[in-house]
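Input: a single structure, listed below in structure tokens.
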Amino acid sequence: MSIEEEIEKSGDIAYGGVRTYAIGEVANLRKALVQLKMHINDLGELPQVTKKYKKEILIINVSIQDIEDEIKIIDKHLN
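Residue numbers (the numbering used here): 1 to 79.
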């Protein structure tokens, strides 16, 4: 095997490792967002939460949805 082929092979191996790591990290991020959304929604159910905070909770949920949409795009590129 030539030096060029060795370099290409090692690059392929490195890329595969980084890709696998990235897929795992994206999965962890997705799980964390699900947990965050659950806790935020639980907070919104408390009787002490005023209209002002319910509005903030809605804004946070929209932001979480935006992040989830971005994660879908990242997934397309990784898979």
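A virtual CB, placed ideally from N, CA and C, is assigned to each residue, including glycine.
Measure the alpha-carbon distance for residue 64 versus residue 33 and round it to whole angstroms.
Answer to the nearest angstrom: the Cα atoms are 7 Å apart.
Using only CA atoms, which one of 72, 77 and 79 lies nearest to residue 30?
Of the candidates 72, 77 and 79, the residue whose Cα lies closest to the Cα of residue 30 is 72.
Can you grab the Cα-Cα spacing for the pair residue 68 / residue 3, in whole Å?
Near 42 Å, if we compare the C-alpha coordinates of residue 3 and residue 68.
Tell me which residue opens and which closes the alpha helix (DSSP H) that residue 62 is part of.
Its alpha helix (DSSP H) spans residues 51-78.
Rounded C-alpha distance that separates residue 41 from residue 75:
Taking the straight line joining both Cα atoms gives about 26 Å.
Residue 61 to residue 38 span [Cα, whole Å]
Between residue 61 and residue 38, the C-alpha separation is close to 10 Å.
What number of angstroms, rounded off, separates the C-alpha of residue 51 from the C-alpha of residue 78?
About 41 Å.
N- and C-terminal bounds of the alpha helix (DSSP H) containing residue 38
That run of the alpha helix (DSSP H) goes 3-45.
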